[in-house]
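Notes to accompany the following structure.
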Amino acid sequence: MYVKSSDLGSPSNGTELMRAFLPGRVLRRGRTLTACEAEIRTESGRLVAKALGNYKVG
1 MYVKSSDLGS PSNGTELMRA FLPGRVLRRG RTLTACEAEI RTESGRLVAK
51 ALGNYKVG
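Numbering follows our numbering, in which position 42 of the sequence shown is assigned residue number 42; successive positions increment by one, without gaps.
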């Protein structure tokens, strides 16, 4: 398993973070490994953090 995250800054105020969107998706799924990505975006669409991970499945 491998996980990497990047902090790209903080929202301008606490209210903006409380309304954050956290989309995640599978980038590639193989027989034994799956690569995933997740992002934290503010309500206005600004990217706050991003994480990439490889996970063993099955």
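For every residue, glycine included, the Cβ atom is placed at its ideal position computed from N, Cα and C.
Under three-state DSSP, which class holds VAL48?
DSSP, read as helix, strand or coil, puts VAL48 in strand.
Please determine, among LEU33, GLY24 and ARG25, the residue with the shortest C-alpha to C-alpha distance to LYS56.
Out of LEU33, GLY24 and ARG25, LEU33 has the C-alpha closest to the C-alpha of LYS56.
Would you call the CB atoms of LEU27 and ALA38 closer than 8 Å?
It is not a contact, given that the beta carbons lie outside the stated cut-off.
Beta strand (DSSP E) segment containing GLY30, residue limits
No beta strand (DSSP E) holds GLY30; DSSP gives it neither H nor E.
Per DSSP, the bridge partner or partners of VAL26:
In DSSP, VAL26 forms a bridge with CYS36.
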